[in-house]
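Position 145 of the sequence shown, counting from 1, maps to 146 under the working numbering, and the rest follow consecutively.
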Amino acid sequence: MYMDLCVGFIEPFTDLAHCPKCRKSYGHVKVLIKQFLTLPIGPQLQALYHEPDSVASMHWLDEYTWEIFEQLECLNGVKDDWDDFCDRIDYLGTVAEGKIKEGNPILMMSVDGAQLYKYKSLNCWIAIWVILNCFLNTHYKKKYILPAYIIPRPNKPKNLNLSLFPGVHSLLSCHPV
Numbered sequence: 002m003y004m005d006l007c008v009g010f011i012e013p014f015t016d017l018a019h020c021p022k023c024r025k026s027y028g029h030v031k032v033l034i035k036q037f038l039t040l041p042i043g044p045q046l047q048a049l050y051h052e053p054d055s056v057a058s059m060h061w062l063d064e065y066t067w068e069i070f071e072q073l074e075c076l077n078g079v080k081d082d083w084d085d086f087c088d089r090i091d092y093l094g095t096v097a098e099g100k101i102k103e104g105n106p107i108l109m110m111s112v113d114g115a116q117l118y119k120y121k122s123l124n125c126w127i128a129i130w131v132i133l134n135c136f137l138n139t140h141y142k143k144k145y146i147l148p149a150y151i152i153p154r155p156n157k158p159k160n161l162n163l164s165l166f167p168g169v170h171s172l173l174s175c176h177p178v
């Protein structure tokens with residue numbers, strides 16, 4: 002990773018000698034300055050599914066979703082109280098279309114800068130996965146917030162998608178679309 006990273010020199014940018022966004026030349030020799038750490042989500046999810054308490058909690062969303070569909074059917078599609086994201090029409094529509102299947106992990110990612118040392122500016126960006134399949138009162142418990150990335154750099158990444166690609170690729174290899 003280069004310090005003034007516009008793009009990561011991963012596919013499809015491996016053969017470029019300059020940045021396609023800012024046109025900064027990196028010369029003929031690409032010297033790695035920093036590496037970012039990706040913590041694949043697949044093994045972390047597998048570990049959660051090996052604990053009996055977690056398994057029960059992780060299937061809560063599937064059960065609750067079908068309860069909502071039954072309520073909507075009884076109420077002619079009108080629901081008065083909305084509790085969480087799982088009551089929203091965009092989530093329910095995606096489930097109804099079959100894009101989200103029973104047992105699929107529903108994840109939210111959060112990315113923010115972090116100051117690791119006192120009196121220093123931001124020196125890394127940290128990303129986490131929040132597992133939304135579990136009971137409403139446990140979404141934000143430590144057990145269901147998993148590390149995703151640590152990106153060492155002082156400034157916000159200019160193209161965050163390239164930094165996030167390895168982790169999303171790992172997720173898709175475990176749960177193909």
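Where is the CB? At the ideal position from N, CA and C, for every residue including glycine.
The model shown is predicted, which means the values in this text are computed figures rather than measured ones.
Residue i - containing alpha helix (DSSP H), residue span
i    : result
S174 : L161 to C175
S58  : P53 to M59
G43  : I42 to L49
Alpha-carbon spacing of residue i relative to residue j, whole angstroms
i    : j    : result
K159 : L165 : 12 Å
D82  : D16  : 54 Å
V30  : P153 : Below a pLDDT of 50, predicted positions are generally treated as unreliable, and V30, at 49, falls in that range; no measurement from the model is reported.
W126 : L133 : 22 Å
I107 : H60  : 11 Å
Q116 : H170 : 28 Å
N138 : N124 : 33 Å
In DSSP terms, what residue i is bridged to
i    : result
W126 : G114 and I152
L1   : Any question about residue 1 goes unanswered here, given that the chain covers just 2 to 178.
I132 : L108
H19  : S26
Where residue i falls, given that 16 or more other Cβ within 10 Å makes a residue buried
i    : result
Y150 : buried
S174 : exposed
L46  : buried
Y120 : exposed
C87  : buried
C75  : exposed
Y141 : exposed
C20  : buried
Y145 : buried
S111 : exposed
Nearest residue (CA-CA) to residue i, options the options
i    : options                  : result
P167 : C23, S26, T39 and P21    : T39
D84  : L76, N77 and T66         : T66
I42  : K157, P148 and L133      : P148
I69  : P53, S58, V56 and V96    : V96
L62  : S26, F136 and V112       : F136
D113 : S58, I129, L93 and L76   : I129
G94  : Y145, L73, N138 and Y118 : L73
L161 : F37, A18, K102 and R24   : F37
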